[in-house]
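Going by the numbering used here, 549 is the number at position 194 of the sequence shown; the sequence numbering is gapless. Notes to accompany the following structure.
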Amino acid sequence: MPTNKLEAFLTGELEQLARDGTKKGAESVIVEVLAATDTKGPRYRLRGEGERAFLRMNANGYLGLSQRAETVQAEEVAVRRYGTGPQAVRFISGTFAPHVALEERLAAFHGRDGCMIFSSAYAAVMGILPSLIGEQTIVVSDELNHNCIINAMRLSRPAERVIVPHLDVAAVERALDEAAGRCRRAIVVTDGVFSMRGDSAPLSDLAGLVRERDRGFAEGCLLVVDDSHGVGVLGETGRGTEEYEGVQADLLVATLGKAFGVNGGYVVGSAAVIEYLREKSPFYVYSNPITPGEAAAAKAAIDLLDGPVGRALLERVRALTARFEAGLSALGFETIAGPHPVVPLMVRDTGRTRALVQHLRDHDVLATGLTDPVVPRGDEEIRFQISAEHTEADIDQALAALQTFGAGR
Ligand SMILES: Cc1ncc(COP(=O)(O)O)c(C=O)c1O
Numbered sequence: 356m357p358t359n360k361l362e363a364f365l366t367g368e369l370e371q372l373a374r375d376g377t378k379k380g381a382e383s384v385i386v387e388v389l390a391a392t393d394t395k396g397p398r399y400r401l402r403g404e405g406e407r408a409f410l411r412m413n414a415n416g417y418l419g420l421s422q423r424a425e426t427v428q429a430e431e432v433a434v435r436r437y438g439t440g441p442q443a444v445r446f447i448s449g450t451f452a453p454h455v456a457l458e459e460r461l462a463a464f465h466g467r468d469g470c471m472i473f474s475s476a477y478a479a480v481m482g483i484l485p486s487l488i489g490e491q492t493i494v495v496s497d498e499l500n501h502n503c504i505i506n507a508m509r510l511s512r513p514a515e516r517v518i519v520p521h522l523d524v525a526a527v528e529r530a531l532d533e534a535a536g537r538c539r540r541a542i543v544v545t546d547g548v549f550s551m552r553g554d555s556a557p558l559s560d561l562a563g564l565v566r567e568r569d570r571g572f573a574e575g576c577l578l579v580v581d582d583s584h585g586v587g588v589l590g591e592t593g594r595g596t597e598e599y600e601g602v603q604a605d606l607l608v609a610t611l612g613k614a615f616g617v618n619g620g621y622v623v624g625s626a627a628v629i630e631y632l633r634e635k636s637p638f639y640v641y642s643n644p645i646t647p648g649e650a651a652a653a654k655a656a657i658d659l660l661d662g663p664v665g666r667a668l669l670e671r672v673r674a675l676t677a678r679f680e681a682g683l684s685a686l687g688f689e690t691i692a693g694p695h696p697v698v699p700l701m702v703r704d705t706g707r708t709r710a711l712v713q714h715l716r717d718h719d720v721l722a723t724g725l726t727d728p729v730v731p732r733g734d735e736e737i738r739f740q741i742s743a744e745h746t747e748a749d750i751d752q753a754l755a756a757l758q759t760f761g762a763g764r
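Written out as C-alpha cells, the structure reads:
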C-alpha cells in the first residue's frame with residue numbers, strides 16, 4: 356500500500372523530532388475547570404491526573420474574560436437566536452448581525468473607519484498580506500515575527516523579502532532606502548508584542564520611518580502590525596502596542612482569542628483598504644467567519660474592557676505581573692521585566708528548561724518551556740503568563756515552586 360511507505364517515512368520524521376528534543380508530544384487534556392475561590396483563581400483538572408488541580412500559567416486570557424458571566428451570557432443569547440454556526444461564508448449568506456456589530460465596535464475601539472473579522476488572527480495575516488504584497492513590493496519583517504507572518508510571506512510573491520534583526524529600526528531604514536524608486540510598494544510588518552519574550556516593537560520609530568519613506572514608493576509605504584498579544588492588555592486602556600507607543604499603524608491585526616477570551620481574528624484600517632480586502636482576501640472570501648455566538652461574546656468582552664471593569668482588570672494584571680517579576684528577581688532568576696503579562700524566565704539551557712517545566716508540573720503549576728527551534732539556542736526559557744484571574748496566593752504558589760528548584764541548580 357502506498358500509504359504504508361509514506362507512514363514509514365513520516366514515522367521516521369517523528370522519531371527524528373523526538374531525538375532532536377523538539378517533539379511537542381501528547382497534549383494535556385483539560386477535563387474540568389474549577390471555579391475561583393476567595394484566595395485562589397480557577398484550577399484545571401487534566402485527563403490522567405486524577406483529582407489534582409493545576410494552576411494554569413500558560414494561557415493567553417490575560418483578563419480572565421472567558422469565564423465571565425457577561426461574555427458567557429452574550430454567547431448563550433446569540434447561539435439561541437442564530438444557532439451554533441454561520442453555515443456559509445460572509446458574502447453568500449454567512450453575515451449575521453453580531454458579526455457586523457463586532458466589526459463596528461472594533462473599528463471604533465481602535466479609532467479606524469474599517470474592520471473585518473477572520474476565523475483567527477493567523478487566518479487574518481495569511482489573508483491580508485498576500486493580497487497586499489505584489490510583484491513590485493518589498494516586504495520587511497522582524498526576524499522574531501510570528502509564524503503566521505513568516506508563512507504569509509512565503510505565500511506572497513514580492514520583489515524582495517528582507518528579514519531584519521529583532522527590533523532593528525536602522526536595518527528597516529536601510530532596506531527601505533535600497534528599495535526606494537525600484538519597488539512600487541513597501542510593507543513593513545511586525546508583531547506588536549512578541550509572544551515569546553513579552554517585549555514590543557518600536558512602533559513610534561517604525562511609523563515615523565514609514566511616513567518619511569512613503570514618497571519613495573509610487574504605491575506607498577505601509578506599516579502592518581500584528582498585535583495579537585498586545586491588544587486587550589498593553590497601553591493605558593488596553594488598546595495595545597499602538598496605545599503604548601502613541602501611534603497608529605496603517606493596518607492592525609489582532610486576535611479575539613487571547614485577552615478577549617473568545618476566538619477569531621480581525622484587521623482594522625481605512626475603509627477603502629478594508630473594502631478591497633473584503634473582496635480579495637481568500638481566507639475571508641472562501642472561509643466561514645467565527646460563529647455569531649463568538650462574535651457576540653467578543654463584543655461583550657470589548658464592552659467590558661472599554662469601561663470600569665476593564666480598567667480594574669488591567670490594574671490587577673499589572674500588579675500581579677509586577678509581583679511575579681519582583682519575586683523572580685528576588686529568587687535570583689533572570690527575566691525580561693516589562694509591563695506585559697508574558698514573563699519569561701530565561702533558563703538558557705534545553706535540559707534545565709525541561710527539568711524546570713516538569714518540576715513546576717509536579718508542583719501543580721502549568722508553564723511552557725520554549726526551546727530551539729521555537730527560540731534561538733541559548734535563549735531557552737520558561738514562559739509564564741499572568742492573568743487578572745490569578746490571585747496573589749497563586750503568584751506566590753508559583754514562586755514557592757520555583758524556589759524549591761533553585762536559580763542556580
Ligand atoms: C503575533 C501573533 N499572531 C497570531 C497569533 C495566532 O492567533 P490566533 O490563535 O487567533 O490565530 C498569535 C498567537 O500566538 C500571535 O502571537
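We put the CB at the ideal spot given by N, CA and C, even for glycine.
Alpha carbon to alpha carbon, how far is Val455 from Leu578? Give it in angstroms, no decimals.
C-alpha separation (whole angstroms): 26 Å.
Check the DSSP bridge columns for Thr723 and list the partner residues they point to.
Its beta-bridge partners are Arg738.
Quick check on Tyr621: buried or exposed, where buried means 16 or more other Cβ atoms within 10 Å of its Cβ?
Tyr621 comes out buried.
Could you check what DSSP says for Val565 in three-state terms: helix, strand or coil?
In the structure shown, Val565 sits in a helix (DSSP, three-state: H, G or I).
For Val384, count neighbouring C-beta atoms within 10 Å of its own C-beta (all shown protein chains included) and say buried if the count is 16 or more, exposed if not.
Exposed, by the Cβ-count rule.
Helix or strand or just coil, what does DSSP make of Gly536?
Three-state result, Gly536: coil.
What residues come near ligand 1, if near means a beta carbon less than 6 Å from any of its heavy atoms?
That gives Ser475, Ala476, Tyr477, His501, Cys503, Asp546, Ser550, Asp581, Ser583, His584, Thr610, Gly612 and Gly620.
Is Thr492 closer than 8 Å to Ala507 when the C-beta atoms are compared?
Not in contact: Ala507 and Thr492 (Cβ atoms no closer than 8 Å).
Under DSSP, the beta strand (DSSP E) around Ala609 begins and ends at which residues?
Its beta strand (DSSP E) spans residues Leu606 to Thr610.
Compare the beta carbon distance of Ala656 and Gly616 with 8 Å and say whether it is the shorter of the two.
Cβ atoms of Ala656 and Gly616: closer than 8 Å.
Among the residues of its own chain, which have a CB less than 7 Å from the CB of His501, if the five just before and after it don't count?
Cβ within range, chain order: Asp546, Ser550 and Asp581.
Looking at C-alpha atoms only, which residue of Ala667, Glu574 and Phe739 is the closest neighbour of Thr690?
It is Phe739.
In the structure shown, what three-state DSSP assignment does Val347 receive?
Residue coverage of the chain in this structure runs from 356 to 764, which leaves residue 347 outside it and unanswerable.
Are Asp468 and Ser625 touching if we call contact CB-CB under 8 Å?
For Asp468 and Ser625, yes; Cβs fall inside 8 Å.
Alpha carbon to alpha carbon, how far is Glu528 from Leu418? Give it in angstroms, no decimals.
Approximately 36 Å, taken between the alpha carbons.
Excluding five sequence neighbours on each side, which residues of the same chain lie with their C-beta closer than 7 Å to the C-beta of Met471?
Excluding positions up to five away in sequence, the list reads Glu458, Tyr621, Val622, Ile629, Leu632, Arg633 and Tyr639.
At the level of alpha carbons, what is the spacing between Pro485 and Lys654?
Cα to Cα, the separation comes out at about 28 Å.
Compare the Cα-Cα distances from Pro644 to each of Val664, Gln442 and Met412 and report the closest residue.
It is Gln442.
Kindly list the residues whose CB is nearer than 6 Å to the CB of Gly595, restricted to its own chain and excluding five residues on each side of it in sequence; keep chain order.
Cβ neighbours of Gly595 beyond the five flanking positions: Gly547, Asp582, Gly585, Val586 and Leu589.
Indicate the three-state DSSP secondary structure (helix, strand or coil) for Ala674 in the structure shown.
Helix, per DSSP.
Kindly give me the distance between the Cβ atoms of Arg671 and Ala604, rounded to whole angstroms, as I take these residues to be in contact under 8 Å.
So it is not a contact: roughly 28 Å between Cβ atoms.
In the DSSP output, what is Leu389 paired with across the bridge?
Arg398, per the DSSP bridge assignment.
Is the beta carbon of Thr705 closer than 8 Å to that of Thr726?
Yes, they are a contact pair.
Less than 6 Å between C-beta atoms, sequence neighbours within five positions excluded: which residues of the same chain meet that for His745?
Once the five neighbours on either side are set aside, the close Cβ partners of His745 are Gly396 and Leu675.
Classify Met508 as helix, strand or coil using the three-state DSSP reduction.
Reduced to three states, the DSSP call for Met508 is helix.
Given that a residue counts as buried once 16 or more other Cβ atoms are within 10 Å of its Cβ, and exposed if not, what is Asp717?
Exposed.
Just mark Val494 as buried or exposed, buried being the case when its beta carbon has 16 or more other beta carbons within 10 Å.
With 16 or more Cβ atoms within 10 Å of its Cβ, Val494 is classed as buried.
Within its chain, find whatever has a CB closer than 6 Å to the CB of Gly682; leave out the 5 residues flanking it on each side and keep chain order.
Leu754, listed in sequence order.
Is any non-hydrogen atom of ligand 2 found closer than 7 Å to the C-beta of Asp532, if you look at the structure I gave you?
Looking at this structure, you won't find ligand 2 anywhere; what it does contain is ligand 1.
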